[in-house]
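Residue numbers (my numbering): 132 to 561.
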RNA sequence: GGAGAGAUGGCAGAGCGGUCGAAUGCGGCGGUCUUGAAAACCGUUGAAGCGCAAGUUUCCGGGGGUUCGAAUCCCUCUCUCUCCGCCA
């Protein structure tokens, strides 16, 4: 959620930034500022009245104490009248505040100055590419055929158990998942991230905190009997660990990692994109999250990008890094880098990671703040400030698996990259 | 699932319907003392908002109510703990 103070002071810039994100209704900003004006007027009026009532109540207490009952009675009547007005005013204030919140919460985050113009994925900017695209034999097939050949993922039985998009991993397929998860976690921990194993269901406040609610409700599975949501990513529980906390500056940065299954309803998706492991309702992902000082967040973002890049390099997969254009970015992000790996058999790029800086968009909702350590070394005061939050996949498994299978297929089986041999307990899947 | 107890500041823990944003202790920060440190002593120390300011409002788990006035009384929800039941 954007901060109203910022919008008030920078309305022209806000409009310009929102336009880059293709936010349709820029006049919403003017309406928002009007509502804000209204709220502040009502607030002043309400509080002045409340102050007079509080003062009168104290007087009544004193009069009662002195035994001057008649004088106290007169005061009571006065207060009763003012309370009528107060009720009216505070109702208006509550309405105005609700409108302000509703108008504010639908605004997406402002894109960073480096975000390229554009509306569709074609407008994303390729930052760099790495790895070597393999030259596959004529007999090469896509992963949905490979998994049948080696009997390692069974979609039909998954559909029987649950529904389509719930793969059943089997034998070496299951073990490959476990090997990748273990490797990714070890890699992240090595880089200073603390491992967590969070709940897979979260309450409404948590889903709201990271921005899944109110607008993306339909994307999550909802356990209605208890009003819990199945997490679409471990970003949700991880970031919410620090909801409503004021963090000591000396404890920064906070670096977290977790493996969890992720659940996505993916309502409305269709077509060739959804074949095999390309898009599923339940998948495994290892996530990294950082909560950092606002001065460092873009440096940290670059570090996270390099972190993920090296991970992909270690898997010996051809990849590219994209800087997403305004139209392709997520609601909450200020700057996003997508990682794609090249699926040689499908002859297309598959997104395997998305690394974003949310600046204060999430932390404002969650009230994740810090108090500057020493007021003396800054010229301003030492008011608590919002921190910046960032996250990225490191990494999401299904498409990595798809590429590993497709790009490494040989007549003697799937030749796994060196780094996985120990984790998997073998060099090939055959 | 059943019965009971509880939720107060970073932590622990008081709190009679008015003088309570809240005693006290610990912790934190600053200082005195010290070559330095410890101890001792002194001071200071919650958050959010409105206002140019003076100031003022709100917050004692969440929501609602009683009252001129609620941390304190009532209702309700959530959570925690103890005991019982069930269970990997």
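Backbone N, C-alpha and C define an ideal beta-carbon position, used for all residues, glycine too. Since the model is a prediction, treat every value here as computed from it, not as a measurement.
query: Distance between residue 203 and residue 360 (C-alpha atoms, nearest Å); result: 54 Å
query: Sheet register partners of residue 517 (DSSP bridge); result: 500
query: Start-to-end residues for the alpha helix (DSSP H) that takes in residue 474; result: From DSSP, residue 474 is part of no alpha helix (DSSP H) but of the beta strand (DSSP E) over 466-474.
query: Contact set for residue 133: own chain, Cβ-Cβ below 8 Å, skip 5 residues either direction; result: 145, 235, 238, 240, 241, 492, 495
query: Boundaries of the beta strand (DSSP E) in which residue 378 is found, first to last residue; result: 377-379
query: Residue 475 classed as buried or exposed, judged by whether at least 16 other C-beta atoms fall within 10 angstroms; result: buried
query: Residue 291 in three-state terms, based on DSSP; result: helix
query: 7 Å Cβ cutoff met for residue 370 and residue 341; result: yes
query: For residue 309, the nearest candidate out of 546, 527, 425 (CA to CA); result: 527
query: C-beta atoms of residue 536 and residue 421 nearer than 7 Å; result: no
query: Per DSSP, cross-strand counterpart(s) of residue 254; result: BP columns for residue 254 are empty, so no partner.
query: Distance, residue 229 Cα to residue 163 Cα; result: 12 Å
query: C-beta contact flag for residue 386 and residue 324 at 7 Å; result: yes
query: Reference residue 328, options 409, 430, 419, 190, closest by Cα; result: 419
query: C-alpha gap between residue 484 and residue 466, whole angstroms; result: 14 Å
query: Environment of residue 564 [buried if 16+ CB atoms lie within 10 Å]; result: The requested residue 564 does not occur in the structure, where the chain is confined to residues 132 to 561.
query: Rounded C-alpha distance that separates residue 142 from residue 172; result: 20 Å
query: Chain-order list of residues whose beta-carbon lies under 7 Å from that of residue 377 (same chain, five-residue window excluded); result: 500, 501, 502, 515
query: Coil, strand or helix - residue 304 by DSSP; result: helix
query: Residue 259 burial status per 10 Å Cβ neighbour count (16 or more: buried); result: exposed
query: CB contact flag (residue 455, residue 185, <7 Å); result: no
query: C-beta atoms of residue 383 and residue 424 nearer than 7 Å; result: yes
query: Sub-7 Å separation of residue 166 and residue 231 beta-carbons; result: yes
query: Local Cβ density within 10 Å of residue 157, reported as buried at 16 or more and exposed below that; result: exposed
query: Spatial distance of residue 294 from residue 138 (CA atoms); result: 45 Å
query: Cβ neighbour criterion (16 or more within 10 Å) applied to residue 533; result: buried
query: Cα-Cα separation between residue 148 and residue 464, rounded to whole angstroms; result: 13 Å
query: 7 Å CB neighbourhood of residue 275 in its chain, flanking five on each side removed; result: 406, 407
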